[in-house]
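Colleague: In the working numbering, the protein residues as written are 1 to 206.
A virtual CB, placed ideally from N, CA and C, is assigned to each residue, including glycine.
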Amino acid sequence: KNLEFTATEQYKLIRANLDFTLPENEKCPIIGVTSSIRGEGKSTTAVNLSYVLAEKGSKVLLIDGDMRRPSQARLLIEKASPGLSNVLAGLCEADVAIRRNIKPNLDVLFSGEIPPNPLELLGSPRMKELIDTMSERYDVILVDTPPISVVSDACEIANVTDGVLFLVRQNETERDAVRKGIKQMELSNCRLLGFVINGVVEEGSK
């Protein structure tokens, strides 16, 4: 997947802002990407941000943590299984599930088969063990989470991240939904790294 120049520059700007926001001595920052509701572009943002981080030379792992309505396998035209759900359920090892070099320096752990109990799996000790193990192997881990205002899964994922990027779509995202999402993050003691505004129409464009 290739990005237009203007889009690439915007993702590079997000990458630069993260360099200022995250602690300098953070060995492997774990960054969640969420939104208030579905359809705001969080999954596309997660994969594109992983591209520009990998292009800089960082070894990146992208995890599709949305085991209810996953998107990354569709976006990258790959098989979703085995993936995260299979690893957390103890059905396979992470090394078997992770797809290597989707792009140079970029590995991806897709969602896996849709489980009946995603919340329990994401809140399990295996999830923390997975993140701890992968943080020894990668420079950055990005986690595409479910919308934080829709289900509690994102809050469970937030517990293993160093912070979360919050996607909003211009002229579509409702303020009450954003407030609810921020409140959920506060209750989960989750650090808000910043907002990414999606769907911005440049002045003079149609």
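In the structure shown, what three-state DSSP assignment does N198 receive?
Modeller: Within the sequence shown, residue 198 is the residue found at index 198, counting from 1. The answer is strand: DSSP assigns N198 an E or B state.
Colleague: Measuring only the C-alpha atoms, how far is P82 from K128?
Modeller: For this step, residue 82 is matched to residue 82 along the sequence shown. For this step, residue 128 is matched to residue 128 along the sequence shown. Taking the straight line joining both Cα atoms gives about 19 Å.
Colleague: Counting beta carbon pairs with one atom in the segment 6 to 16 and one in the segment 116 to 128, are three or more of them shorter than 8 Å?
Modeller: Contact between the segment 116 to 128 and the segment 6 to 16 is absent: fewer than 3 CB-CB pairs across the two stretches fall below 8 Å.
Colleague: Please go through the same chain and pick out, in chain order, the residues whose beta-carbon is closer than 7 Å to the beta-carbon of L53, but skip the five residues on each side of it.
Modeller: Numbered from 1 along the sequence shown, position 53 holds the residue referred to as residue 53. Excluding residues within five positions, the ones whose Cβ falls inside 7 Å are R15, V60 and V140.
Colleague: Measure the C-alpha to C-alpha separation of I131 and E172 and round it to an integer number of angstroms.
Modeller: Residue numbering aside, residue 131 sits at position 131 when the sequence shown is read from its first letter. Residue numbering aside, residue 172 sits at position 172 when the sequence shown is read from its first letter. For I131 and E172, the distance between alpha carbons rounds to 33 Å.
Colleague: Can you give the Cα-Cα distance for M185 and R100, rounded to whole angstroms?
Modeller: Stepping through the sequence shown from its first residue, residue 185 is reached at position 185. Stepping through the sequence shown from its first residue, residue 100 is reached at position 100. So the two alpha carbons sit approximately 32 Å from each other.
Colleague: So, does the segment 84 to 93 touch the segment 162 to 177, judging by three or more C-beta pairs under 8 Å?
Modeller: no
Colleague: Here's a check: name, in chain order, each residue in its chain whose Cβ is nearer than 7 Å to the Cβ of S43, leaving out the five neighbours to either side.
Modeller: What you label residue 43 is simply residue 43 of the sequence shown in a count that begins at 1. The residues are S71, Q72, L75 and D144.
Colleague: Return yes when the C-beta of V151 is under 6 Å from any heavy atom of the ligand SAH, and no when it is not.
Modeller: Ligands are entirely absent from the displayed structure, and the ligand SAH is therefore not among its contents.
Colleague: Please return the same chain residues whose Cβ sits closer than 7 Å to the Cβ of S152, not counting the five positions on each side in sequence.
Modeller: In the sequence shown, counting from the first residue as 1, residue 152 sits at position 152. So the list reads L119, once near-sequence residues are dropped.
Colleague: Please check the pair T34 and I182, which I expect to be a contact at CB under 8 Å, by giving their CB distance rounded to whole angstroms.
Modeller: Taking the first residue of the sequence shown as 1, we reach residue 34 at position 34. Taking the first residue of the sequence shown as 1, we reach residue 182 at position 182. No, T34 and I182 are not in contact; Cβ-Cβ is about 11 Å, not under 8 Å.
Colleague: Can you give me the start and stop residues for the alpha helix (DSSP H) that D132 sits inside?
Modeller: By one-based count along the sequence shown, residue 132 stands at place 132. From DSSP, the alpha helix (DSSP H) with D132 extends over P125 to M134.
Colleague: As a quick exercise: from G41, I37 and S50, pick the residue whose alpha carbon is nearest that of L18.
Modeller: As a working note, residue 18 is residue 18 in the sequence shown. The candidate whose alpha carbon is nearest that of L18 is S50.
Colleague: Return the residue from the list I30, N105 and R68 that minimises the CA-CA distance to K56.
Modeller: Locating residue 56 in the sequence shown gives position 56, counting from the first residue. Cα-wise, what sits closest to K56 is N105.
Colleague: Please state whether the Cβ-Cβ distance between N198 and G39 is less than 7 Å.
Modeller: One-based indexing of the sequence shown puts residue 198 at position 198. One-based indexing of the sequence shown puts residue 39 at position 39. No, Cβ-Cβ distance for N198 and G39 is not below 7 Å.
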